[in-house]
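Under numbering that gives the first Met the number 0, the first residue of the sequence shown carries the number 0, and numbering increases by one thereafter. The beta-carbon is built from N, C-alpha and C at its ideal position, and this holds for glycine as well.
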Amino acid sequence: MQFTKPMIELVYEIRRVVDAELKPAVKLANPELFTELQSYYHESAGAVAKAIIKELFHLAGEPWPSRLEDANAPAARQTVRVYRGQIHAEDQARTQDPSEKAAEKALQRKKRVYRGQVILG
């Protein structure tokens, strides 16, 4: 397999975030790199590691992205954001109930007042 520069950077990032026992196996020279990452993804990877591994598999192309799909996996509850090279896992925004949405809309529709008179428009 030919590694592109973004794939190489993702492998380095994966090596940085995986557990200590897996670090020796996460090398570009390892021919079993993708199969080991696949098993790590399904067994014990955190949200950040899962996101990076998933991105690497998508860059690698078929058949790798389809091997990560797991029908029994629960829906993701975290999003991964990258800010200035640092990767952060954040909880997804919770759903708002209708009363919170109405209060938010009311705040957005502020009344404009000029010299004591409400301005329409």
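| Query | Result |
| --- | --- |
| Nearest residue (CA-CA) to Ala28, options Ser65, Arg111 and Gln1 | Gln1 |
| DSSP-derived helix/strand/coil call for Arg114 | coil |
| Contacts around Ala44, its chain only, beta-carbon distance under 7 Å, and the 5 residues preceding and following it disregarded | Ile52 |
| C-alpha gap between Ala75 and Leu119, whole angstroms | In this predicted model, Ala75 has a pLDDT of only 49, less than 50, meaning its place in the structure is not dependable; the value taken from the coordinates is given anyway. If I take the Cα positions, the gap works out to 44 Å. |
| Arg15 (DSSP reduced to helix, strand or coil) | helix |
| Nonlocal neighbours in the same chain, by C-beta distance under 8 Å from Glu12, ignoring five residues either side | Ile51 and Ile86 |
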